[in-house]
Structure formats: structure tokens, C-alpha cells
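Down below is the structure, laid out as C-alpha cells.
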Amino acid sequence: MFPDGSVALEQFTNHSPPDVIVLDWVMPGISGIDVVKFLRSEKGPMAQVPVLLLTARQQPQQIAEGLASGANDYLAKPYAPEELSARAQALVRWSQLLARTTAAEKAFRELLANTPDAILAIDADGQITYANPEASRVFGVPIGSIVGGPVAHLLPMLSLGSVRPVAGDSFPPLPDVAIQDRIYAPSVRIPAADAGASSIIALRDVTERRDADRRRLDFYSIIAHDLRSPLSAMLLRADLLLAGKRGPLSVEATDDLRRFSGNIRSMVEMINGFLDLARLEDPNTRIDATSLDLAAIIETTVDELRPLAEAGKLSLEWSPPQTEMRVLGDKVRLGQVLANLIGNALKYTPAGGKVTISAQIEGNVVETRISDTGPGIPTEAVSRLFDRFTRVAATARTMGTGLGLMIVREIVEAHGGQVGVSSEPGKGSTFWFRLPRMDIRPPRIPS
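The sequence shown begins at 2 in my numbering and counts up by one.
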């Protein structure tokens with residue numbers, strides 16, 4: 002309890018800050034309003050102490066004046082002691098929450114300042130609002146020259162205009178960017194609390210890793226070329242023999258030659274699978290994204306595979322939806338996904354069985370389902386079915402690499418989607434994949 006404002010100021014200057022300050026508007030000498038203004042003008046610890054102003058002045062402009070001076074709350078006279086205590090405790094809780102928030106923000110900024118990645122924060126208009134010291138080093142300009150400028154000028158090679166979040170606050174993979182003589186892998190995140198109002202771009206130096214990847218891909222290409230050439234020659238010779246170009250063959254020789262030819266084709270398919278996966282894993286592989294009607298792609302794929310269903314005495318059912326199902330995607334790659342999933346269903350369903358394809362809109366995604374009446378998949382194998390080199394012995398009747406479903410997963414995830422399977426032994430399987438709908442995605446980052 003202080004007799005006037007000057008004594009209060011003297012005590013505040015010479016002692017540790019209290020949890021809360023309760024001031025009367027009218028005080029001898031220096032008024033409570035003047036004390037508040039002085040405290041808020043200082044930069045010391047007292048500037049953050051919450052202030053409760055007691056006043057008999059209840060006109061709106063008077064209340065506004067008191068709050069504008071820096072008071073956090075006011076209490077009109079006369080008041081009940083219980084109300085005074087409750088308001089003071091509420092201000093203490095607010096002060097503690099503010100202190101924790103400030104400490105967390107400081108720790109977060111220290112973390113960003115010391116991270117090995119270049120970090121940029123951009124607002125909804127594409128303007129850079131934050132850059133860490135590593136970003137300054139990467140771009141070779143002071144932080145002050147980065148903050149406030151458009152991200153499109155700093156990263157013109159990174160086309161953010163078509164990048165949209167698809168699963169919560171995550172984005173599809175972005176291609177690498179070259180800055181000076183280094184290669185960086187960018188990633189974009191939207192803080193959950195911002196709901197698209199701001200985004201964070203991180204650039205990780207992957208120069209050495211990409212050099213190693215490039216050497217690996219070159220090795221794959223060389224091996225594939227060296228293997229495919231003799232295999233193609235062997236296949237050509239086998240086809241000539243089966244066509245009777247070298248004279249008649251016995252029934253036994255013809256059967257053996259057909260098996261021989263089939264194995265060669267499987268080996269060529271295996272090599273192509275390795276190369277396709279290697280290309281998909283290349284971070285510079287781009288999805289040629291355009292506006293597509295997924296239902297139309299399904300229709301085309303079903304028509305192409307219908308002869309295979311008829312040859313296997315299978316029923317292939319597809320009921321086109323009544324509305325377009327627009328997605329942003331690569332027509333060739335999505336066709337590859339559908340051909341793989343539908344082809345597998347036909348391959349592993351016994352004669353007389355049925356394969357059903359359906360597509361529907363579920364919220365902000367388009368979901369496609371391929372169901373079969375095959376033998377199903379063992380429960381313990383379902384969780385690893387999309388891992389590379391996984392083949393299920395109970396259903397695999399032909400030679401393969403186990404790369405097909407891995408490639409499906411890579412393509413779907415590159416489109417920002419998800420893929421999965423549900424199956425029960427003896428009751429068939431249902432493979433599904435979900436892609437973001439094009440027309441209701443969250444706001445994109447301005448380029």
C-alpha cells in the first residue's frame with residue numbers, strides 16, 4: 002500500500018517487480034494514470050507487470066483513456082473485495098501465460114537461428130517475414146535484405162504457385178533447387194494455427210547426397226542397358242523359333258520355348274521396374290500436373306484391360322460416376338497406378354471371379370477402390386505390402402520383383418495422396434488410393 006504515485010514509483014524502481022499492480026486512478030501527487038504511463042514507457046521488467054486500475058470514472062471515454070495508458074483491466078468503484086481478488090488473480094494468470102509464451106517464442110527463434118537448414122517464413126501475400134542466419138549465408142545477402150521482399154524474387158526457380166497442402170499442414174514433395182553451386186531440397190509447412198495465413202520454407206543442403214544418387218542412377222542405367230540388349234536378342238530368337246522360321250518344333254520343345262520366352266519377358270519387366278522406381282526416387286522427377294477427370298482415366302484403363310479379364314473368364318465391373326472428379330495430376334502416371342492395381346486384381350483372381358472398380362468423392366479427396374474376389378492377403382503381410390521387394394507367396398503365381406506396389410505408392414504420394422489396402426484371407430482384397438480434389442483444396446502459397 003502506497004500513499005501516492007511518487008512513492009509507488011520509487012518502490013517499483015528499487016524492488017523486484019510484483020505479480021500484479023493495483024492502482025487508484027486518483028492519487029495524491031502523481032496519479033495512477035501517470036504511474037501506468039511511466040511504467041509502460043520504460044523497457045525494464047516493470048513494463049510487463051499487469052496493472053489493474055481502480056476508478057469511479059465510468060464514462061466510456063474515461064475507461065478508454067485508462068486502458069490506452071497501458072492498464073490491463075479496470076474495476077469500477079465501489080467494488081466487492083471478492084471481485085478485486087478475482088480480477089487480480091486473472092491478471093496474474095495472464096502474466097504467467099504471457100511469460101511462458103514469450104519464453105517459448107525465444108527458444109523457438111534460437112532453434113531456428115541455429116538450425117543447419119535455411120529457413121524462410123512467408124505471409125499470405127508471398128512476402129518474406131523471417132529469415133534465419135543460414136538463409137543469409139545460403140543466398141549471400143544480409144537478413145535485412147531478405148525480409149520484406151517477395152519469395153518469388155528470392156526463389157524464382159521454385160514454383161510455389163501450384164503447391165497446395167493436402168494432408169493437414171503437409172505439402173507434396175518439391176523438386177530440388179540450385180543456389181549458387183549447391184543443391185537444396187525444399188520443404189513447405191503451414192503452422193496449424195495459421196490455417197494457411199503463413200508458411201515456412203526450409204532448404205536442406207543435399208548436394209553430396211544427390212551426387213551419390215546420380216552415380217547410383219547412372220549405374221542402374223548402364224546395367225539395364227547391358228542386360229536388356231542381350232535379353233531382347235534372345236527374345237527375338239525365341240519368337241522366330243515359335244513362329245516356325247527355323248523349321249517345325251516338337252510339342253515338348255514348343256512348350257519349353259514358350260516358358261523360356263515368358264521368363265525373358267519377366268526379366269525385361271523386372272529391369273523396367275527397377276528403372277522406373279529409380280526415376281521416381283530421383284528428387285528432380287517432376288509430376289506433369291494438369292487438371293484431370295480421374296473418372297475418365299479409369300474408364301480408359303478399364304477398356305484397355307477388359308480383354309485380359311475376358312481371357313481369364315473374369316467379370317470386370319465399373320460404374321462411371323454422374324459427376325466429374327477433378328484432380329491435379331499426371332495422366333500417364335495415374336494411368337500407371339490404375340493399370341497396376343487393376344492388373345494385379347485380374348491376375349490374382351481365379352476364373353469366374355469378379356473385379357470391381359469404384360470412385361467417389363469423400364470430403365476433400367477423391368477415393369478410388371479396386372476390389373477383387375481373389376484369395377486375399379495374409380494379415381501379417383498387409384502392413385508391408387507397399388514396401389519394396391514384397392511379394393506374398395500365397396497369391397504370387399508369376400515371376401515379379403515386388404516393385405509394382407512400391408511404384409504405385411511413390412506415384413500416389415508424389416501427387417500428395419495416400420494408398421492402402423484392406424484384405425481378409427479367403428474373402429478377397431480392396432486396394433484404394435485417395436487424391437486431393439482440385440476444386441476445394443486449402444489456399445495455395447502465392448508465387
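We put the CB at the ideal spot given by N, CA and C, even for glycine.
- Leucine 175 sits in coil when the DSSP states are folded into three classes, being neither helix nor strand.
- For the segment 209-296, the full-length alpha helix (DSSP H) segments reaching 4 residues or more read 252-282 along the chain.
- A distance of 7 Å or more separates the beta carbons of alanine 77 and glutamine 60.
- Contact annotation: the segment 232-250 does not touch the segment 208-215, with fewer than three C-beta pairs closer than 8 Å.
- Rounded to the nearest whole angstrom, the CA to CA distance from glutamate 363 to glycine 71 is 51 Å.
- The residue from Leu335, Leu386 and Ala382 with its alpha-carbon nearest to that of glycine 418 is Leu335.
- Here the alpha carbon of threonine 208 sits roughly 27 Å from the alpha carbon of glycine 145.
- Of Asn273, Asp74 and Leu155, the smallest CA-CA separation from valine 21 is found for Asp74.
- In terms of Cα proximity to serine 267, the closest of Arg438, Arg247, Arg229 and Thr302 is Arg229.
- DSSP lists Ile22 as the bridge partner or partners of valine 52.
- Between aspartate 373 and alanine 346, the gap from beta carbon to beta carbon is short of 7 Å.
- Here valine 366 really is in contact with leucine 436; their C-beta atoms are around 6 Å apart, less than 8 Å.
- Its Cα nearest to that of proline 134, the residue Pro143 stands out among Gly127, Gln128 and Pro143.
- Glycine 330 is a Cβ neighbour of histidine 416, given a cutoff of 7 Å.
- When secondary structure is reduced to three states using DSSP, leucine 404 falls in the coil class, being assigned neither helix nor strand.
- In the DSSP annotation of this structure, the continuous segment of the alpha helix (DSSP H) that includes valine 383 starts and ends at 380-383.
- Non-local C-beta neighbours of threonine 369 in its own chain, meaning closer than 6 Å and more than five positions away in sequence, comprise Ala360 and Phe434, ordered along the chain.
- Cα atoms of leucine 406 and isoleucine 223: separation of roughly 25 Å, rounded to the nearest angstrom.
- By alpha-carbon distance to arginine 385, the top candidate from Arg410, Ile371, Gly375 and Pro376 is Arg410.
- As computed with DSSP, tyrosine 131 is found in a beta bridge with Ala122.
- Residue pairing from DSSP places isoleucine 201 in a beta bridge opposite Ala122 and Arg190.
- The beta carbons of isoleucine 120 and isoleucine 129 sit no closer together than 7 Å.
- With a cutoff of 7 Å on beta-carbon distance, glycine 377 and serine 430 are scored as near each other.
- Looking at the DSSP output, isoleucine 31 shares a beta bridge with no other residue.
- Rounded to the nearest whole angstrom, the CA to CA distance from arginine 183 to alanine 132 is 19 Å.
- Here valine 356 carries a strand assignment [DSSP, helix/strand/coil].
- Contact between arginine 190 and isoleucine 201 holds, since their C-beta atoms are separated by about 5 Å, short of 8 Å.
- The alpha carbon of leucine 24 has as its nearest neighbour, out of Gln49, Phe39, Leu55 and Pro18, the alpha carbon of Leu55.
- If you check the CB distance, isoleucine 343 and isoleucine 298 do not come in under 7 Å.
- Around the Cβ of leucine 99, a 10 Å sphere holds fewer than 16 other Cβ atoms; the residue is exposed.
- When the beta-carbon positions are compared, valine 269 and leucine 243 stay at least 7 Å from each other.
- Taking C-beta atoms under 8 Å as the contact rule, alanine 340 and threonine 302 qualify, at a distance of about 6 Å.
- With a cutoff of 7 Å on beta-carbon distance, leucine 295 and valine 328 are scored as near each other.
- Between proline 19 and valine 52 a beta carbon distance of about 10 Å is seen, past the 8 Å cut, so the two are scored as non-contacting.
- DSSP places glutamine 419 inside the beta strand (DSSP E), whose first and last residues are 419-424.
- Note on geometry: alpha-carbon atoms of alanine 186 and phenylalanine 109 lie some 22 Å from one another.
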